[in-house]
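These notes are about the structure you will find just below.
As structure tokens, then:
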């Protein structure tokens with residue numbers, strides 16, 4: 022199971038508010054997402070039942086690194102955490118579903134599926150975060166620009 026996957030409003034703003042001073046400062050969505058990812062590092066084994074696993078700090082760091090390289094114009098993704106400790110990011114719009122799962126060791130996989138009249142799926146695995154640039158992400162996440 023994912024943490025709050027069915028909420029229309031991401032829980033990031035609510036979770037972040039617990040850890041920020043009570044001021045009128047606005048929190049942008051990217052900052053809220055980064056804070057939520059940081060909060061994942063406080064999860065311990067058993068957080069979602071006896072068989073659930075805590076996420077690896079390295080996977081959280083990888084997610085934040087990839088976020089810092091997202092090209093402008095791409096919508097901010099929502100975070101996800103599976104009960105087996107896998108950290109991910111996803112987009113779910115009327116036109117597209119896409120997710121990135123962090124596989125450890127600085128690697129991730131990318132899946133996307135269009136929801137248009139001509140559905141199309143793309144899956145790439147073993148991608149290395151260290152080799153990712155904004156240009157690579159622009160080329161491979163181009164479907165998100167109009168999502």
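Numbering (the working numbering), first residue to last: 22 to 168.
Backbone N, C-alpha and C define an ideal beta-carbon position, used for all residues, glycine too.
Cβ atoms of residue j and residue i: under 8 Å apart, would you say?
{"i": "residue 131", "j": "residue 161", "result": "yes"}
{"i": "residue 106", "j": "residue 123", "result": "no"}
{"i": "residue 100", "j": "residue 112", "result": "no"}
{"i": "residue 134", "j": "residue 146", "result": "no"}
Pick from the options: whose alpha carbon is nearest that of residue i?
{"i": "residue 80", "options": "125, 156, 50", "result": "125"}
{"i": "residue 84", "options": "55, 119, 104", "result": "55"}
{"i": "residue 154", "options": "114, 136, 93", "result": "93"}
{"i": "residue 140", "options": "119, 151, 104", "result": "119"}
{"i": "residue 144", "options": "138, 129, 136, 74", "result": "129"}
At which residues does the alpha helix (DSSP H) containing residue i begin and terminate?
{"i": "residue 77", "result": "Neither: residue 77 is in no alpha helix (DSSP H) and is coded neither H nor E."}
{"i": "residue 53", "result": "50-61"}
Give the C-beta separation of residue i and residue j to the nearest angstrom, bearing in mind that I take them to be a contact with Cβ-Cβ under 8 Å.
{"i": "residue 148", "j": "residue 90", "result": "Contact flag wrong, Cβ pair sits at about 12 Å."}
{"i": "residue 62", "j": "residue 49", "result": "The Cβ separation is near 21 Å, so there is no contact."}
{"i": "residue 102", "j": "residue 76", "result": "6 Å"}
Whole angstroms are fine: how far does the CA of residue j sit from the CA of residue i?
{"i": "residue 87", "j": "residue 127", "result": "10 Å"}
{"i": "residue 43", "j": "residue 68", "result": "With a pLDDT of 46 at residue 43, under the threshold of 50, the modelled position of that residue is not reliable, and the figure given next carries that caveat. Rounded to the nearest angstrom, the two C-alpha atoms are 27 Å apart."}
{"i": "residue 51", "j": "residue 71", "result": "32 Å"}
{"i": "residue 82", "j": "residue 151", "result": "12 Å"}
{"i": "residue 115", "j": "residue 98", "result": "14 Å"}
{"i": "residue 73", "j": "residue 64", "result": "10 Å"}
{"i": "residue 138", "j": "residue 66", "result": "42 Å"}
{"i": "residue 156", "j": "residue 121", "result": "17 Å"}
{"i": "residue 104", "j": "residue 58", "result": "15 Å"}
Along the chain, where does the beta strand (DSSP E) containing residue i start, and where does it finish?
{"i": "residue 179", "result": "The chain is shown only over 22 to 168; residue 179 falls outside these bounds and no answer can be derived."}
{"i": "residue 91", "result": "That residue, residue 91, is in no beta strand (DSSP E); it is neither H nor E in DSSP."}
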